[in-house]
Amino acid sequence: MTKIFIQVSYPASVADKFNLDYYINEHGEKSRAAFRDHGLLDYYVTKLDPATGVYIISTMFFESKEKWEAAIGGDAGKELMADLANFSPVEPTIVVGEVVAQG
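For the record, in the sequence shown the residue sitting at position 29 is 29 according to our numbering, with numbers rising by one throughout.
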């Protein structure tokens, strides 16, 4: 199986409306709890300079694409997507990629 990463990003235009505390402490904990049994290996939240056009990027590493798809496609994934309205006025951009090198 090939390890994959998922990046979930929110635009800088929502910075003043984005509830970062909720995102980190509530949504983040829900995500870790839900995905831990689905191959979640690691999780990072990065706050960027608004000049980049991006406010927040969350990066998750999973054991495989299949495990990610099972996680996000299940009930827990649907609940997490429904939770978006509690911290963001917009839906995120989600990018999924294969890890080809690590150091």
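Where is the CB? At the ideal position from N, CA and C, for every residue including glycine. Note that the structure is a prediction, hence the values are computed from the model and not measured.
Annotation note: the stretch 24-63 contains the following uninterrupted beta strand (DSSP E) runs of length 3 or greater, listed N- to C-terminal: 40-47, 54-62.
Residue environment: ILE72 is assigned as buried (16 or more neighbouring CB atoms within 10 Å of its CB, all protein chains considered). In its chain, beyond the 5 residues on either side, no residue has a beta carbon closer than 6 Å to the beta carbon of SER13. Taking 8 Å as the cut-off, the Cβ atoms of LEU41 and GLU69 do not count as close. Under the 10 Å beta carbon count, TYR44 is surrounded by fewer than 16 other beta carbons and is classified as exposed. In the three-state scheme derived from DSSP, where H, G and I count as helix and E and B as strand, SER13 is classed as helix. With 16 or more other Cβ atoms inside 10 Å of its own Cβ, ILE6 counts as buried. DSSP, read as helix, strand or coil, puts GLY77 in helix.
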